[in-house]
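Reviewing the structure listed below.
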Amino acid sequence: MAKFKVAERFVSINGESVKAGELAVFIRFTGCNLNCSYCDTKWANEADAPYEELTDEEIYDYIKRTGVRNVTLTGGEPLIQKDIDKLLLMLAMDEELQVEVETNGSVDIAEFKALTDRVAFTLDYKLPGSGMESNMCFSNYNYIDKKDAVKFVSGSIKDLETARDIIHEWALDIKSNVYISPVYGKINPEDIVDFMIENEMNGVKLQLQLHKYIWDPEMRGV
Ligand SMILES: C[S@@+](CC[C@H](N)C(=O)[O-])C[C@H]1O[C@@H](n2cnc3c(N)ncnc32)[C@H](O)[C@@H]1O
Ligand SMILES: Nc1nc2[nH]cc(C(=O)O)c2c(=O)[nH]1
Ligand code: SF4
Ligand SMILES: [Mg+2]
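This is the structure in structure tokens:
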């Protein structure tokens, strides 16, 4: 039976990506293969991170009990969890659920896309300020569509310039949904808007993490 290390599970509004503002049930797995400078969930990536071990069926039952139809799998890095394919399939088979995976952009999504077209992926592109850019898997941009999203979490003008160039090089604004978000507290959102205007970034959305404005930005479980 598939078992997963779950750092936290909760119901909230989704603060990010395509379903921002809608209710969602979150499953946050422990452990990550990257170490972004700005990571706001480093605690879930530590070797001694708190977790409960749940089977795929227990995760599914929890999701159904909440009555919430949008599901966000996050972490940590969800796509490096052993047997995540089994969980994705189980969730995708329930046509009431809308499943989204927040992934760091380093993991090849081809096998997951081949498994089901009912799961949406939000792929981060890790910009220079994250220190993790060399890990990006560019072939992913051949599989994404309008259900999916590519997110650029930016902390500087250099990050924004890189985002602009990658969006154009891979026509991400044509294929998918594109978001630019500030690294929380690191860059003034006004500067992002100015950059978008100067660079005529049509088809790109600025997104602020809603939950960090509703609750204390350090708060877990929201
Ligand atoms: C914590 S990560 C977990 C999922 C996956 N590992 C990833 O990086 O996409 C979820 C999202 O939070 C974003 N994030 C993490 N720290 C942030 C911060 N300080 N400010 C803004 N966004 C942040 C990440 O870039 C990612 O889009
Ligand atoms: N409310 C809320 N929305 C979110 N959307 C993506 C999140 C994440 O950490 O992946 C997240 C999160 O941590 N909280
Ligand atoms: S990939 Fe995601 S979870 Fe991992 S360190 Fe970066 S932001 Fe944090
Ligand atoms: Mg978060």
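In case it helps, the UniProt record's numbering puts the sequence shown at residues 1 to 222. Beta carbons: idealized from backbone N, C-alpha and C, even for Gly.
CA-to-CA distance, residue j to residue i, given in whole angstroms
i: ALA114; j: ASP40; result: 31 Å
i: ASN45; j: GLU53; result: 15 Å
i: LYS86; j: ILE157; result: 40 Å
i: ILE214; j: TYR141; result: 33 Å
i: VAL99; j: PHE10; result: 15 Å
i: ILE131; j: MET90; result: What sits at residue 131 in the sequence shown is Gly, not Ile. Spanning the two alpha carbons is a distance of roughly 35 Å.
i: ALA92; j: THR116; result: 7 Å
i: ARG65; j: LEU123; result: 28 Å
i: THR30; j: ALA47; result: 9 Å
i: CYS36; j: ASP148; result: 22 Å
i: PHE26; j: PHE121; result: 14 Å
i: LYS186; j: TYR38; result: 9 Å
i: ASP108; j: LEU88; result: 15 Å
i: ALA2; j: ILE192; result: 43 Å
i: VAL6; j: MET196; result: 37 Å
i: THR162; j: ASN202; result: 16 Å
Secondary structure of residue i, DSSP reduced to three states
i: ALA92; result: helix
i: THR55; result: strand
i: PRO217; result: coil
i: LYS205; result: strand
i: SER17; result: coil
i: PRO128; result: helix
i: VAL222; result: coil
i: MET196; result: helix
i: SER139; result: helix
i: THR116; result: coil
i: TYR38; result: coil
i: LYS82; result: coil
Beta-ladder partner(s) of residue i, from DSSP
i: ARG9; result: ILE27
i: LYS3; result: THR55
i: ASN177; result: ALA149
i: THR103; result: LEU123
i: LEU73; result: ILE27, VAL101
i: PRO182; result: SER154
Should the segment 53-65 be called in touch with the segment 11-23, which here means at least 3 C-beta pairs below 8 Å? The segment 53-65, when compared against the segment 11-23, does not touch it at the 8 Å Cβ threshold.
Could you tell me whether the segment 74-85 touches the segment 155-168, using the rule of 3 or more Cβ pairs below 8 Å? no
For review: beta carbons within less than 5 Å of any heavy atom in ligand 2: SER12, ASN14, GLY15, GLU16, THR74, GLU102, HIS211
Those residues, in chain order, that have a beta-carbon closer than 5 Å to some heavy atom of ligand 3: CYS32, LEU34, CYS36, CYS39, ASN104
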